[in-house]
Each structure stands twice: as C-alpha cells, then as structure tokens.
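Undergrad: Please find one structure pasted underneath; my questions will follow.
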Amino acid sequence: QPNFNSVAAMMKGHPREHPINQHSLNQFSDYWETVRRYYYPFETELRAGTAEVYENEIPGGQYSNLRPQARGLGLEEQFDTIKDNYRIANELFGDIVKVTPSSKVVGDMAMFMTSNNLSKEDILKRGESLSFPDSVKALMRGDLGQAEGGFPEEIQRLVLKGEKPYTERPNAHMEPIDFDKEFPLFLKEFGERLDMRNFLSFKLYPKVYRDYREHYEQFGLVRALPTPAFFFGLKPNEEIIVSMDKGKNLLIKYLNMTEPDNQGNRLVFFQLNGQTRSVPIHDRHIKVDVVVHRKVENEKQVGSPLQGSISKILVHAGDEVAANAPLFIIEAMKMESTITAPMAGKVKKVHLTEKTLVEQDDMVVELE
C-alpha cells in the first residue's frame with residue numbers, strides 16, 4: 015500500500031493534483047512514528063505482502079488480527095490450518111460476503127473447526143451433536159441479514175437444531191427501546207452522572223460496556239495517563255505529569271516497592287504532588303500453582319470445546335435438561351460459544367464455576 019504522502023508529492027504539478035499541505039502531512043507522519051514506538055506490542059505481525067487472499071478470501075483487517083486471536087486460543091502453531099478452515103467455513107456458509115461482522119463469524123467457525131480438529135465432512139456428519147459458536151447460530155438464524163439466495167439448508171439445519179430462521183429484516187424481531195423507562199434504570203445501575211451516549215453504548219455492547227465500567231470503578235480515568243506509563247510502567251525515580259482537567263495537574267514520581275509477602279502482595283511507594291503515598295498491589299509475576307481440571311471421559315461429561323473462560327453457568331445440580339439445552343457459555347478472544355447438552359438427562363454435578371479459565375476438554379458439567 016503506497017504511502018499517502020508519497021502519492022500527494024507525486025501528483026504535484028499534475029492536472030489532477032489536489033493541492034494539499036505537504037509539510038502538514040509530514041508532521042502527521044512524525045506523530046505516527048512516535049505513536050508506533052509506544053504501541054509496538056499491538057502491531058500486526060505481517061512482515062511481508064501476500065496474495066493468499068485470492069485463496070482464502072480473508073479480509074486484510076481480519077487477517078492481521080487472526081494470528082493474535084489464534085495465539086490467545088492456543089492455536090498459533092496451527093495458523094495454516096486456520097487459514098484453510100476459513101476457506102472451508104466460507105464454502106459451508108455458501109460463499110458469503112465477508113465484511114464486519116460476517117467475516118468474524120467465518121473466523122469463529124474456522125477457529126472452532128481447528129480447535130476441535132473438524133473437517134467439512136465432520137461438520138456435515140456430526141453437526142447434530144456439535145455446539146457451534148453463538149455467532150454462527152446468529153448468522154444462520156438471520157440476525158445479520160440474508161445471503162443472496164439464502165444460506166445452504168443443510169448447514170442451517172445442523173447449526174440451528176430445530177430453531178426456525180427468519181427471512182425478514184433482523185431488526186423486525188427487536189423490541190423498541192423504552193427510553194423513559196430504561197434510561198433511569200441504567201443511571202441507577204451505573205451512576206447518575208452518565209449521559210445518553212453512555213446509555214446507547216450499553217444498549218449496543220452490553221458486555222463490553224460492563225467490562226469498561228468495572229475497569230473504570232477499579233482504576234479510574236486511565237486515559238489521563240501518558241501512554242508509555244500506562245503500557246510499560248514507571249522506572250524508579252521517574253516522574254510524570256498527569257493532566258486531570260484544565261489547570262489541574264498531578265505530579266507523580268515512582269519511588270520503589272517492597273518484596274512480595276506470602277500472598278504475592280507488594281507495597282508500591284509514590285510521591286503524589288510531593289507527598290509520599292503507598293498502594294498495595296498483587297504481583298502477577300509471582301509463580302502460582304497451575305490448577306489442572308479433570309478431563310471429559312465419556313458422553314455424559316460435558317467439557318469445554320476450546321481454551322477460554324467460563325462466562326456463565328446456566329444449570330445447577332439436580333436440573334432436568336433436554337437434548338441441546340444450553341448448559342454453560344465459554345468466552346475466548348471475543349468469541350462466545352453456548353455449550354449444550356448432548357442428550358436429555360439430569361445434571362449430576364457442575365464441576366467448575368463462572369470466570370474459571372479452562373483448557374480444551376476440561377469437564378464443566380456432568381450428567382447422570
């Protein structure tokens with residue numbers, strides 16, 4: 015992709031030149047050069063151009079994020095398989111238009127196939143008993159709209175498991191928001207000072223907004239921190255200025271920290287506007303024993319299909335469940351999967367709790 019500054023300079027004197035301030039453009043380049051020094055851990059890992067898009071049809075923006083997502087799921091060593099499964103998943107869905115959010119659905123399906131070692135034939139033969147990612151169910155249900163000519167009936171049937179898809183506009187099935195009723199409830203839950211923009215963010219992305227509010231309640235207004243201090247921390251005796259508001263600056267100097275105690279906690283000492291303060295923190299680098307969970311051994315034991323976190327348990331011991339009834343939800347790298355019962359039965363035991371980190375095939379629910 016050619017540099018925009020170069021294109022602007024190249025067109026100088028040309029009949030189709032669009033006059034632009036070259037000096038201003040160069041200042042933008044200097045700015046982004048500095049920014050990239052700070053954000054390098056999040057840089058794309060693409061080191062060379064590739065024409066693979068003509069084979070797998072992965073959009074560029076998604077391709078650059080795919081390897082970090084694979085790493086988060088413990089699948090980085092199978093990245094080539096993921097790319098091939100992306101092509102296969104797209105074919106299963108009927109060769110759909112791949113752009114946010116439909117491209118993410120194809121990516122979720124590719125990750126699901128790779129983590130469970132599933133081929134196209136496995137999907138078509140064993141689809142009745144597989145718990146597909148929630149995004150795949152939403153696509154087949156019609157939540158993202160309709161593909162030209164509709165989705166392939168066989169894969170739609172396997173994914174939805176008896177649920178009837180719809181063909182109208184997706185938002186025709188959504189209840190209108192009662193602003194007079196819901197906005198006061200939102201303020202009651204999250205705080206009276208919030209505005210309509212926050213409310214709309216919550217309605218559009220409820221889980222992301224809750225995570226943001228939890229982070230805000232714990233750490234405060236982190237956007238006021240200088241970027242290097244936020245990402246990399248301060249060195250001993252390093253001092254920064256934090257601008258909280260117009261004319262309101264905090265002078266923060268890091269002094270030192272204590273050795274960790276038996277629980278791995280330290281005291282961190284700062285100077286805040288010249289006064290010494292201490293903050294207790296837990297050192298996450300202290301080695302802790304890794305918990306190994308019991309693996310599934312038979313069809314009545316329901317485990318996690320991939321590495322992730324249990325975001326919600328939907329059943330309790332003693333509950334009667336039907337086949338394909340939802341048992342728990344696994345979240346991994348922005349992908350949610352609702353795991354369902356492989357058969358009808360009674361819940362014998364729920365082995366793990368919400369927010370537990372799990373590996374593939376860790377047993378979560380056991381049926382009698």
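Okay, so the sequence shown: first residue is 15 according to the numbering used here, each after it adds one.
Glycine included, each C-beta is placed from N, C-alpha and C at the ideal position.
Computed from a predicted structure; not experimentally measured.
Does Ala9 pass the burial test, meaning 16 or more other C-beta atoms within 10 Å, or should it be called exposed?
TA: In the structure as shown, the chain begins at 15 and stops at 382. Residue 9 is therefore absent and cannot be evaluated.
Undergrad: To the nearest whole angstrom, what separates the beta carbons of Pro115 and Leu158, a pair I think is in contact under 8 Å?
TA: Correct: roughly 6 Å between the Cβ atoms.
Undergrad: Just curious, the beta strand (DSSP E) that Arg291 is in, first and last residue?
TA: Residues Gln289 to His296.
Undergrad: Hey, is the stretch 329-336 in contact with the stretch 279-299, meaning 3+ C-beta pairs nearer than 8 Å?
TA: These segments do not touch.
Undergrad: To which residues does DSSP link Glu334 through a beta bridge?
TA: Lys360, per the DSSP bridge assignment.
Undergrad: Going by beta-carbon coordinates alone, are Ser318 and Val379 separated by less than 8 Å?
TA: Going by C-beta atoms, Ser318 is not nearer than 8 Å to Val379.
Undergrad: Could you give the DSSP three-state label for Ile110: helix, strand or coil?
TA: Of the three classes helix, strand and coil, the one that applies to Ile110 here is coil, per DSSP.
Undergrad: When DSSP labels each residue in this structure, what does Lys151 get in the three-state scheme?
TA: Lys151: helix per DSSP, three-state reduction.
Undergrad: Can you give me the C-alpha to C-alpha distance between Val364 and Met188, rounded to a whole angstrom?
TA: In a straight line, the C-alpha of Val364 is about 33 Å away from that of Met188.
Undergrad: Nearest-angstrom Cα distance between Arg211 and Gln315?
TA: Using only the alpha carbons, I get a separation of about 45 Å.
Undergrad: Answer with buried or exposed for Lys221, where buried requires no fewer than 16 other C-beta atoms within 10 angstroms of its C-beta.
TA: So Lys221 ends up on the exposed side.
Undergrad: Report the partner residues of Gly322 according to the DSSP bridge assignment.
TA: In the DSSP output, where bridge partners are listed per residue, Gly322 has Val372.
Undergrad: Can you say whether Lys326 is buried or exposed, counting buried as having 16 or more other CB atoms within 10 angstroms of its CB?
TA: Lys326 is exposed by the Cβ-count criterion.
Undergrad: Glu177: beta carbon under 7 Å from a heavy atom of the ligand PLP?
TA: Only the bare structure without any ligand can be found here, which leaves the ligand PLP out of the picture.
Undergrad: Out of curiosity, what's the CA-to-CA distance linking Lys139 and Tyr180?
TA: Cα to Cα, the separation comes out at about 25 Å.
Undergrad: Taking the alpha carbon of Leu366 as the point to measure from, which residue in Ala346, Leu341 and Asp192 has its own alpha carbon closest?
TA: Of the candidates Ala346, Leu341 and Asp192, the one whose C-alpha sits nearest the C-alpha of Leu366 is Leu341.
Undergrad: Starting from Asn263, trace the beta strand (DSSP E) in both directions and tell me its first and last residue.
TA: Lys262 to Met271 is the span of the beta strand (DSSP E), which, as asked, contains Asn263.
Undergrad: Can you name the start and end residues of the alpha helix (DSSP H) that Arg81 belongs to?
TA: Its alpha helix (DSSP H) spans residues Gly74 to Gly86.
Undergrad: If I follow the unbroken beta strand (DSSP E) through Gly317, where does it start and stop?
TA: Note, Gly317: beta strand (DSSP E), Gln315 to Gly317.
Undergrad: How big is the Cα-Cα spacing for Ile254 and Val236?
TA: Using only the alpha carbons, I get a separation of about 14 Å.
Undergrad: How should Thr290 be labelled, buried or exposed, when 16 other C-beta atoms within 10 angstroms of its C-beta is the threshold for buried?
TA: Result: exposed.
Undergrad: Would you mind working out which of Pro242, Asp375 and Lys301 sits nearest His307, comparing C-alpha positions?
TA: Considering only alpha carbons, the answer is Asp375.
Undergrad: Looking at the secondary structure, which residues open and close the alpha helix (DSSP H) in which Asn70 lies?
TA: Note, Asn70: alpha helix (DSSP H), Val67 to Asn70.
Undergrad: Taking the alpha-carbon positions, what's the Arg81 to Val67 distance?
TA: Each residue's alpha carbon lies about 15 Å from the other.
Undergrad: Counting C-beta neighbours from all protein chains within 10 Å, is the total for Lys195 16 or more, i.e. buried, or is it exposed?
TA: Exposed is the call here.
Undergrad: Mind reading off the beta-carbon distance from Ser145 to Leu320? Whole number of angstroms is fine, and I expect it under 8 Å.
TA: Between Leu320 and Ser145 the Cβ distance is about 10 Å, and since that is not below 8 Å, they are no contact.
Undergrad: For the alpha helix (DSSP H) that Pro198 lies in, which residues bound it at each end?
TA: Run containing Pro198: Phe193 to Phe204, per the alpha helix (DSSP H) assignment.
Undergrad: What are the uninterrupted segments assigned as alpha helix (DSSP H) that are 4 or more residues long and contained completely in the stretch 21-64, given in chain order?
TA: The qualifying runs are 36-52.
Undergrad: Less than 8 Å between C-beta atoms, sequence neighbours within five positions excluded: which residues of the same chain meet that for Glu273?
TA: Arg280.
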